[in-house]
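Q:
In the UniProt record's numbering, the protein residues as written are 1 to 751.
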């Protein structure tokens, strides 16, 4: 476990006066050593880059996939440049200022490190092996008289890079020559530390790359895209340490300051040497990474797409605003998706809410704009943006999904161009009212899939993970400091909290190691469908109310149990089916169908007992990362004081269909218990695909002619969300953006 912070000094000269600032650093190498010598952590380290592939039976070929950093090309390239037998220790660094006080008068500037050799579940966690505050940079107060002047901005950049120089001092020489260390597993490894990932928003990326920001001629920290072409979606020459360092050195050799500045300005560079040039295998322009939070959710969507759409809705009048808020409020609830009561008069600080708003926006706005209007074209742009962002969210990518994502990026820029041209044609006389679409964040999608190929999926470098450190720091500032000289107090609190977490983790690991082996006995609730390999679990039996308190073994004490219902009573409650025989006949036909009938004909009596349930758990194989995912579904008359009956995707013999859960139940007929559901079923409307559905990526459904069915719960693939097309149309849209699996599943689903 690393020691507490050390106080260092960063200095820079401005207007002939040397100024010094306090920098607090936890030596990065000591933090690395602490992890390498931890016996509970060393087993999780990945030391070698690898190209991972999975056999695809459909294409009869091996398909490469990318998830963790060591499956990307950059890990491979760095390791290839090391001496034989040497191992890379690759870092991810995040830096950003944070407001500590309510009014923003006091700020903190933490630097958080993660080890890219550890799996994402450990690396992105807060415990052992998780992200760690390794530095606290100085915040230079703005000088009203100097703010914005090039020399003053350069002065602040010198301080920032000199501060980072202190932070990286312990790995500077080791990045060049390596360091042999005996790890906790008894193996001595020759380690070369390097920076694989720099995670930051645009402002910090500009500081890290030492470019001049949004208004310079080349505002991208990664490539040399001209400022006026950021919306074009073209690929330009990449910045590299070698090329940018040469330009800086050439500029320094020029005779006058004017010539020097002109050369640097022609590449968007500042007159400051970059600290990352001093580390081996740590090219900052390759390490800078696509940030979904600030680039997409808080940038392209919040500040641009949603902002323009919102203004167009407001132009449509009060009724349009009310209608949009109502559709947002009535949108079906789904676990993990924020439910909005209104959206037109509310702004959010949380990027996750804007992510969720983008997912539902097309489904609540599709009816507002006529075809060939700017509003309609902007909806097409928005839908394409959402598709790109859905691909960006994947926790595993293959060559095929990367190719599909890249195609959507190309389409996004084409649609944006069409929208801009139409918008310009409608504002010929007043071009000043046009919104500019030339800004760096709209260009960054060009780099999205290159980053995935180089460094794995976006959750490896999304700032959302490290920004979660800011909340506890702000809380510590308010509750546990005296508001004076707070930097040392906050860092001491950080160390104390980490020590507590470290001890707690060690105790938990010891308890787990000493835990008696599983005897195979189980206690607690049943409510499972028959069969040990079932992926369906029933719960919340209707009429069963647990009493308060449980015995020591954790199982329920006693329960108050009402008599189960009967087939006749349930048929009366359900109503709805006007077919001869109704529910009872349907149940009997289902049980005697060829795929379920076993032996003699089964008769269902009206007094046959039935047990109803209100909760359904569905496990399924996620199509994105091939791991197990789980949906928690409800079929409840009153769930948090509102009716909640979820939708599901069902697999029949030769196709899939969507269904609305009306009743979950178990019934025992003969010697067999059946777990079933009574549902409304949906199908595709007849005829060809409508233009709007094609343009906006909508999957339209309608109720089947014989809409009521009984299905086996085992035929349910996963949960789903269906939203009405409009109040009285009787048609619905499948919300394919609720998660990455549903998004990918709908691409190939045959209904």
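Where a beta carbon is used, it is the ideal one built from N, C-alpha and C, also for glycine.
When you compare each of 679, 736, 499 to residue 575 by their alpha carbons, which one comes out closest?
A: What you label residue 575 is simply residue 575 of the chain shown in a count that begins at 1. Considering only alpha carbons, the answer is 679.
Q: Around the Cβ of residue 252, are there at least 16 other Cβ atoms within 10 angstroms (buried) or fewer (exposed)?
A: Indexing the chain shown from 1 puts residue 252 at position 252. Under this definition residue 252 is an exposed residue.
Q: Looking only at its chain, what residues have a beta carbon closer than 8 Å to the beta carbon of residue 228, apart from the 5 residues adjacent to it on each side?
A: By one-based count along the chain shown, residue 228 stands at place 228. If we look at residue 228 and ignore the five residues flanking it on each side, its Cβ neighbours are 438.
Q: Assign residue 712 to one of three DSSP states: helix, strand, or coil.
A: Residue 712 sits at position 712 when you count from the first residue of the chain shown. Correct three-state label for residue 712: strand.
Q: Could you pull out every unbroken alpha helix (DSSP H) segment of at least 4 residues lying fully inside the stretch 263–294, listed in chain order?
A: 284–287
Q: Taking only beta-carbon positions, decide if residue 13 is within less than 9 Å of chain C.
A: The displayed structure is made up of one protein chain only, and chain C is not part of it.
Q: Who does residue 621 pair with in a DSSP beta bridge?
A: For the purposes of this step, residue 621 is taken as the residue at position 621 of the chain shown. Paired residues: 628.
Q: Once DSSP output is grouped into helix, strand and coil, what is the label at residue 150?
A: Position 150 of the chain shown, counted from the start, is the residue given in the question as residue 150. The answer is helix: DSSP assigns residue 150 an H, G or I state.
Q: Taking all protein chains shown into account, do 16 or more other C-beta atoms lie within 10 angstroms of the C-beta of residue 601, making it buried, or fewer, making it exposed?
A: Here residue 601 refers to the residue found at position 601 when the chain shown is read from its first residue. That one is exposed.
Q: Are the beta-carbon atoms belonging to residue 206 and residue 219 less than 9 Å from one another?
A: Residue mapping note: residue 206 aligns to position 206 of the chain shown, counting from 1. Residue mapping note: residue 219 aligns to position 219 of the chain shown, counting from 1. A contact, by the Cβ cut-off of 9 Å.
Q: Can you tell me where the alpha helix (DSSP H) with residue 31 in it begins and where it stops?
A: For the purposes of this step, residue 31 is identified with residue 31 of the chain shown, where counting begins at 1. Looking at the DSSP string, the run of the alpha helix (DSSP H) that includes residue 31 is 28–36.
Q: In the structure shown, what three-state DSSP assignment does residue 461 receive?
A: Stepping through the chain shown from its first residue, residue 461 is reached at position 461. In the structure shown, residue 461 sits in coil (DSSP, three-state: anything other than H, G, I, E or B).
Q: Can you list, in chain order, the stretches of the beta strand (DSSP E) that have 3 or more residues and sit fully within the stretch 48–92?
A: 52–56, 61–66
Q: For residue 51, count neighbouring Cβ atoms within 10 angstroms of its own Cβ and tell me buried if that reaches 16, exposed if not.
A: Residue mapping note: residue 51 aligns to position 51 of the chain shown, counting from 1. By the neighbour-count rule (16 or more Cβ atoms within 10 Å), residue 51 is not buried but exposed.
Q: By Cβ distance below 8 Å, which residues in the same chain neighbour residue 246 in space, the five residues on each side in sequence not counted?
A: Along the chain shown, read from residue 1 onward, the residue named residue 246 stands at position 246. Correct list: empty, nothing qualifies.
Q: How big is the Cα-Cα spacing for residue 282 and residue 380?
A: Along the chain shown, one-based indexing puts residue 282 at 282. Along the chain shown, one-based indexing puts residue 380 at 380. In a straight line, the C-alpha of residue 282 is about 40 Å away from that of residue 380.
Q: How is the alpha helix (DSSP H) around residue 542 delimited, first residue to last?
A: Stepping through the chain shown from its first residue, residue 542 is reached at position 542. For residue 542, no alpha helix (DSSP H) run applies, since DSSP gives it neither H nor E.
Q: How would you call residue 18, buried or exposed, if buried means at least 16 neighbouring beta carbons within 10 angstroms?
A: In the chain shown, the residue the question calls residue 18 occupies position 18. Under this definition residue 18 is an exposed residue.
Q: Which of the three DSSP states, helix, strand or coil, is assigned to residue 220?
A: Counting from one through the chain shown, the residue named residue 220 turns up at place 220. Residue state, collapsed to three classes: coil.
Q: Let me check understanding here. Comparing Cα to Cα, which of 230, 366, 109 lies closest to residue 416?
A: As a position in the chain shown, residue 416 is number 416, starting the count at 1. Among 230, 366, 109, the Cα nearest to that of residue 416 belongs to 230.
Q: Please name the residue, chosen from 153, 681, 311, 694, that lies closest to residue 730 on a Cα-to-Cα basis.
A: Counting from 1 along the chain shown, the entry for residue 730 is found at position 730. The residue with the shortest Cα to Cα distance from residue 730 is 681.
Q: Buried or exposed: which applies to residue 709, given that a residue is buried once 16 or more other Cβ atoms fall within 10 Å of its Cβ?
A: If you number the chain shown from 1, residue 709 lands on position 709. Here residue 709 is buried: its Cβ has 16 or more other Cβ atoms, across all protein chains shown, within 10 Å.
Q: With a 10 Å radius around its C-beta and 16 neighbouring C-beta atoms as the bar for buried, classify residue 326 as buried or exposed.
A: Within the chain shown, residue 326 is the residue found at index 326, counting from 1. When all chains shown are included, residue 326 counts as exposed.
Q: With burial defined as no fewer than 16 other Cβ atoms inside 10 Å of the residue's Cβ, what is the status of residue 627: buried or exposed?
A: Here residue 627 refers to the residue found at position 627 when the chain shown is read from its first residue. Answer is exposed; the Cβ neighbour count stays below 16.
Q: Under the assumption that residue 493 contacts residue 480 (Cβ atoms under 8 Å), give the Cβ distance between them as a whole number of angstroms.
A: Here residue 493 refers to the residue found at position 493 when the chain shown is read from its first residue. Here residue 480 refers to the residue found at position 480 when the chain shown is read from its first residue. Rounded, the Cβ-Cβ distance is 6 Å, consistent with contact.
Q: Which residues mark the beginning and the end of the alpha helix (DSSP H) in which residue 229 is found?
A: The count along the chain shown starts at 1 and reaches residue 229 at position 229. Counting along the chain, residue 229 falls outside any alpha helix (DSSP H), and DSSP gives it neither H nor E.
Q: With respect to the beta strand (DSSP E) encompassing residue 15, which residues constitute its N-terminal and C-terminal limits?
A: On the chain shown, residue 15 is found 15 positions in, with the first residue counted as 1. Run containing residue 15: none; DSSP gives neither H nor E here.
Q: Quick one: grab the DSSP three-state call for residue 557.
A: As a working mapping, residue 557 is identified with position 557 in the chain shown. Because residue 557 sits at a pLDDT of 44, beneath the cut-off of 50, its placement in the model cannot be relied upon, and the following sentence gives the value as read from the coordinates. Residue 557: coil per DSSP, three-state reduction.
Q: Using DSSP's beta-bridge definition, name the partner residues of residue 25.
A: Counting from one through the chain shown, the residue named residue 25 turns up at place 25. Paired residues: 6, 135.
Q: Is it buried or exposed, residue 462, if we count other Cβ atoms within 10 angstroms and call 16 or more buried?
A: Residue 462 sits at position 462 when you count from the first residue of the chain shown. When all chains shown are included, residue 462 counts as buried.
Q: I'd like to check one pair, residue 314 with residue 374: are the Cβ atoms closer than 9 Å?
A: Residue numbering aside, residue 374 sits at position 374 when the chain shown is read from its first letter. Residue numbering aside, residue 314 sits at position 314 when the chain shown is read from its first letter. It is not a contact, given that the beta carbons lie outside the stated cut-off.
Q: Going by C-alpha distance, which of 407, 441, 405 is nearest residue 304?
A: Counted from its first residue, the chain shown places residue 304 at position 304. Relative to residue 304, the option among 407, 441, 405 whose CA is nearest is 441.
Q: Apply the 10 Å Cβ neighbour rule to residue 334 and answer buried if 16 or more other Cβ atoms are within range, or exposed otherwise.
A: As a working mapping, residue 334 is identified with position 334 in the chain shown. Buried, by the Cβ-count rule.
Q: Compute the distance between the beta-carbons of residue 613 and residue 542, then report whether it is under 9 Å.
A: Counted from its first residue, the chain shown places residue 613 at position 613. Counted from its first residue, the chain shown places residue 542 at position 542. Closer than 9 Å, so yes.
Q: Assuming residue 199 and residue 393 make a contact with CB atoms under 8 Å, what is their CB distance in whole Å?
A: Along the chain shown, read from residue 1 onward, the residue named residue 199 stands at position 199. Along the chain shown, read from residue 1 onward, the residue named residue 393 stands at position 393. About 16 Å separates the two Cβ atoms, so there is no contact after all.
Q: Should the stretch 696–705 be regarded as contacting the stretch 356–366, the criterion being three or more beta carbon pairs within less than 8 Å?
A: yes
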